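Residue numbers (the working numbering), protein chains in the order written: chain A, 54 to 390; chain B, 32 to 571.
Where is the CB? At the ideal position from N, CA and C, for every residue including glycine.
Model, not experiment: these values are computed from the prediction.
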Amino acid sequence: MATQLESNEDRLSPSNSTAPRAPGETRRGRAAWLAVLREHSVYFALAALVVFNLVVTPGFSNPFAARSLLFEAAPIVLIALGQNLAIATRGIDLSVGSVMALASASIAVFLPYGVGTALVGAVAVGALAGLCNGALVALLAIDPLISGLALLVAARGLAQALLGGSRVNLPDAPAFDVLGALAFGPVPVVMLIALALAVVVAFVVRRTTFGRYTILVGASRSAAFLAGIPVRRTLFLVYAASGTLAGLAGLFASARLGAADPNYVGVNFELDAIAASVIGGTPLSGGRISIVGAVFGVLLLQVLDASFIMNNISFTYAQILKAVFIVVALYLQRSGG
Amino acid sequence: MTTGEVAAKTAGDAAGASRAVLETRGVSKTFGVVRALRDVSLTLRAGEVHGLVGENGAGKSTLIKVLTGFHQPDSGDLTLDDANVSFDSPRAAQRAGVCAVYQEINLIPERSVADNIFLCHEPKRFGFLIDRKRMLEKAAEIVQRYRLAVDPAAKLGTLGLGAQQMVAIARGVSLGARVLILDEPTSALSGAEVDVLFDVVDALRAEGIALLFVSHRLSECYRLCDRLTVMRDGAVVRTATPEELPRGALIAAMLGREGAGEHAWSDRSGAADARDEALADTPPALEVDGLQWGNRVRDVSLRVAPREIVGLAGLLGSGRTETFKTIFGAQRADAGEVKLAGHALARTTPARSIGRGLAFLSEDRRAEGIFSRLSVRENIVASLLPRISRFGFISRAKEAQLVRESIARLGIKTAGPGAPVSTLSGGNQQKALIARCLSTRPSVLLLDDPTRGIDVGAKEEVHRVVQELAHEGLAVVVTSSEMEELLALTERLVMLNEGATQGGMLTAGAHPDDVLAVLAGHAPEDGRIIDESGTDGNPT
């Protein structure tokens, strides 16, 4: 499935690497190889990291480790999807982590009206936050960096206000158990849902007018406007979708935690989502999108985290190493043009 | 402006206007392989307004930058009061009394008028404390001297653009400027603001300051300047007083058509009679009445019949692009009406205009045309997505078919529909954009300088395509920066002068000089001018 999607996306977003070619067959061959390597660097890096861990890290081959890793990854995959759309329009959505927290707090608020209401309510609140962000960006033409930053602060604050700043444990309910613990072998249900949504988003990007608009707006805003593309509507929908996905991510994270926690859920997740998108091949300069790359980017960052933790590298150093890794990855990609 | 007035003005200034303040002698400047300035000699005299005109790329900006110390000349001398000088920075030039006021005002909107006037040279107490009281007093004095209607304590950002421009000039005066360079000072101003500016310029001239006035608006140059210098391709073509250099000669010098006129323009086969019949019978495909947008489009009216190619002829800065964008709805018109096949367009946006059968090709291919990161296919179908999709899903078959047909029809040379559009030559990129315009099956095509920056062969192909389209029933309005091209391509010209249309002209047998003469305000003798939809001409 993944490989097929990927090849289609390559056609959708052609790389510029074909433009300058060195003369001579051998150099040309090598350049092509390097281009392929660079294009698919996220997959090679993930494979290398997994092999490294299987050899070096004790307990990495344990299916429980993989399952726990995938549980952590599912919400980030969701917000990376929304982030990917925003970045493709040459924007960014900084609010996703805080919107997760707001959705988490909403679960507790809606719980008295039943578990079903709480589930729907959490996602709906995420969607509402996304609509606000979209309105700011699309209708008031506020820079997405600014509106996202405002919402990042406001949504976290509102989440804390809703629960008086404290954590509320979720009751025992089948729905929360399914989302928080159920897995087929090493693959959690939430991860399956996230992957299914990734397939949907990839399809939307490739085959629908909305998906195409997203890329066109990111490739050149003024050209898109003059070509008659509904620029504002596209931006509005992109941020609304990102908010909705963040709401769902907040729900997943809370179910895994067994609690609605406005202080803990989603902190700094937006950074992982942005890094994963860019590592996966959606450049911040817009006009290009790689959903499959983003999913693998999330997995790559999660495996990286896991390898630090399982090798007992202290959190502080792990953060620094991760930052170095991201910078190196982006530099390699940038030099590819 | 009559010649008499000009003469009077020149005579009045003659007494004190002889002393040269700032002079360049044989200044040259090269950037890489581009010779931006070639042996430029210019003399700015005290108490004189010197006009500098030329098309884009003529070297005006480079010359200003050399005068103000941004660039150092490769060769040649700069003299101030007959002494050789070299400004190694704008600051050095300012200290020597050479100041420039630019079109985009580089002052601080958040600070007061007085703050801005004395920015970086504030009156000080004890050498380091800013003396606010004295600063306000001095600012008030300058404001009063030039009768500027601004409050020195007001925040600059609250003032209109015209007033801000005055503050920028006041700043130059407060710096003790003896040479003041005004770079396109009027391009953002309204008529009343322009009048105020000119009063100030007159006051400055009376004080003996040497002024260099750079403008695309020739009527302003004639109204204001004591002498005019025309630049082209980095060199000074002519320097003369306005009465020595009437408008027609000035434009000819700007465009490099002096002494032309021997060769007759090749007759084209199209019969004018048949065209006139077509004009009389069919209702216009596009009808524009009294269109206005800001101060760039002041009064545009035109009619275009199906099968007709009409050229919008105007010099740079005449508002060609703005006119197209306003018709197309990329910017909201302040007044006027646009009708397509008799139906008025209201609340226009590009998307709505395209839906109603209008198509627009921007002159700025890189910034407003192509999506350079995307494929040829995605570039061609961008405007058509709603029509090749059902329930929001794009039909791949229809998309591929349309792209295949477009590539074949326009002869776009590409490795394939999936190739990045950035790998195409400029001409083929342009053809891909024309294909995008045509994909929506428009009835009216607006082409803004469609052959800009593409090679000769590609130009001819674009011409062929445009003529075919007109033959198939489209109404085409086209502009070009080259007058010959416009004459070769179109059947009729509509003259655009400083944002207003001023009558039309049939192109059959016309020579570029005839067009320039009309743009310069002189009708040619043989009465080729035809009346265009009752629009008032706006003689300058």
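CB contact flag (residue i, residue j, <9 Å)
i: residue 183(A); j: residue 296(A); result: yes
i: residue 249(B); j: residue 343(B); result: no
i: residue 140(A); j: residue 327(A); result: yes
i: residue 335(B); j: residue 354(B); result: no
i: residue 94(B); j: residue 74(B); result: no
i: residue 164(B); j: residue 149(B); result: no
i: residue 367(B); j: residue 319(B); result: yes
i: residue 176(B); j: residue 127(B); result: no
i: residue 305(A); j: residue 134(A); result: no
i: residue 383(B); j: residue 400(B); result: no
i: residue 156(A); j: residue 173(A); result: no
i: residue 298(A); j: residue 263(A); result: no
i: residue 468(B); j: residue 455(B); result: no
i: residue 231(B); j: residue 179(B); result: yes
i: residue 466(B); j: residue 438(B); result: yes
i: residue 371(A); j: residue 153(A); result: no
i: residue 68(B); j: residue 210(B); result: no
i: residue 272(A); j: residue 403(B); result: yes
i: residue 464(B); j: residue 396(B); result: yes
CB contact check: residue i to chain B, cutoff 9 Å
i: residue 281(A); result: yes
i: residue 361(A); result: no
i: residue 341(A); result: yes
i: residue 278(A); result: yes
i: residue 383(A); result: no
Assigned exposure category for residue i - 16 Cβ within 10 Å defines buried
i: residue 146(A); result: buried
i: residue 195(B); result: buried
i: residue 139(B); result: exposed
i: residue 82(B); result: buried
i: residue 321(A); result: exposed
i: residue 297(B); result: Note that residue 297(B) scores a pLDDT of 33, beneath 50, so its modelled location is shaky and nothing firm can be said.
i: residue 290(B); result: Here the model assigns residue 290(B) a pLDDT of 44, short of 50, so the residue's position is not dependable, and the following value carries that caveat. Exposed.
i: residue 247(B); result: buried
i: residue 72(A); result: The predicted model places residue 72(A) with a pLDDT of 41, which falls under 50 and marks its position as unreliable; any figure quoted below should be read in that light. Residue 72(A) comes out exposed.
i: residue 408(B); result: buried
i: residue 86(A); result: exposed
i: residue 491(B); result: exposed
i: residue 369(A); result: exposed
Any C-beta of chain A under 9 Å from that of residue i
i: residue 458(B); result: no
i: residue 364(B); result: no
i: residue 435(B); result: no
i: residue 300(B); result: In this prediction, residue 300(B) scores a pLDDT of 36, lower than 50, which makes its location untrustworthy; no coordinate-derived value is stated.
i: residue 413(B); result: yes
i: residue 424(B); result: yes
i: residue 445(B); result: no
i: residue 416(B); result: yes
i: residue 353(B); result: no
i: residue 466(B); result: no
i: residue 420(B); result: yes
i: residue 79(B); result: no
i: residue 327(B); result: no
i: residue 471(B); result: yes
i: residue 50(B); result: no
i: residue 483(B); result: no
Chain E within 9 Å of residue i, Cβ atoms only
i: residue 405(B); result: This model lacks chain E altogether, as its protein chains are A and B.
Selection of the stretch 245 to 274 of chain A by Cβ proximity to chain B, strictly under 8 Å | Cβ contacts with chain B come from 260, 261, 262, 263, 265, 266, 268, 269, 272, 273.
Of all the alpha helix (DSSP H) runs that stay within the bounds of the stretch 93 to 162 of chain B, which reach a length of 4 or more residues?
-> For the alpha helix (DSSP H) assignment, the uninterrupted runs of no fewer than 4 residues enclosed by the stretch 93 to 162 of chain B are, from N- to C-terminal side, 121 to 126, 144 to 148.
Jot down the residue ranges of each uninterrupted beta strand (DSSP E) in the stretch 158 to 228 of chain A, minimum 3 residues, whole runs only, in chain order.
-> Within the stretch 158 to 228 of chain A, no complete beta strand (DSSP E) run reaches 3 residues.
Where in the stretch 171 to 219 of chain B do unbroken runs of the beta strand (DSSP E), each at least 3 residues long, occur, reported from the N-terminal end onward?
-> DSSP runs (the beta strand (DSSP E)) wholly in the stretch 171 to 219 of chain B: 210 to 214.
Within the stretch 407 to 465 of chain B, note down every full alpha helix (DSSP H) run reaching 4 residues or more, in order along the chain.
-> Segments of the alpha helix (DSSP H) lying fully in the stretch 407 to 465 of chain B: 407 to 412, 427 to 441.
At 4 residues or longer, and completely inside the stretch 510 to 537 of chain B: list those alpha helix (DSSP H) runs for me, N to C.
-> DSSP runs (the alpha helix (DSSP H)) wholly in the stretch 510 to 537 of chain B: 514 to 520.
Cβ-based contacts, 7 Å cut-off: residues of the stretch 373 to 402 of chain B near chain A | Against chain A - using a Cβ distance shorter than 7 Å - the residues of the stretch 373 to 402 of chain B are 381, 382, 385, 391, 393, 398, 399, 400, 401, 402.
For the stretch 355 to 382 of chain B, which segments carrying the beta strand (DSSP E) assignment without a break, of at least 3 residues, lie completely within its bounds, in sequence order?
-> Counting only runs of 3+ residues, the beta strand (DSSP E) found wholly inside the stretch 355 to 382 of chain B occupies 366 to 371, in chain order.
Identify every run of the beta strand (DSSP E) within the stretch 462 to 508 of chain B, keeping only runs that are complete inside it and at least 3 residues long; order them along the chain.
-> For the stretch 462 to 508 of chain B, whole beta strand (DSSP E) runs of length 3 or above, ordered along the chain, are 475 to 478.
With 8 Å as the limit, tell me which residues of the stretch 232 to 250 of chain B have their beta carbon closer than that to any beta carbon of chain A; keep them in chain order.
-> The stretch 232 to 250 of chain B vs chain A, Cβ under 8 Å: nothing.
Unbroken alpha helix (DSSP H) runs of length 4 or more, entirely within the stretch 93 to 141 of chain A: which are they?
-> As far as the stretch 93 to 141 of chain A is concerned, its whole alpha helix (DSSP H) runs of at least 4 residues are 94 to 109, 116 to 141.
Listed from N- to C-terminal order along the chain, which residues in the stretch 329 to 361 of chain B have their beta-carbon within a distance smaller than 7 Å of any beta-carbon of chain A?
-> Residues are counted here when their Cβ sits less than 7 Å from a Cβ of chain A; for the stretch 329 to 361 of chain B these are 361, given in chain order.
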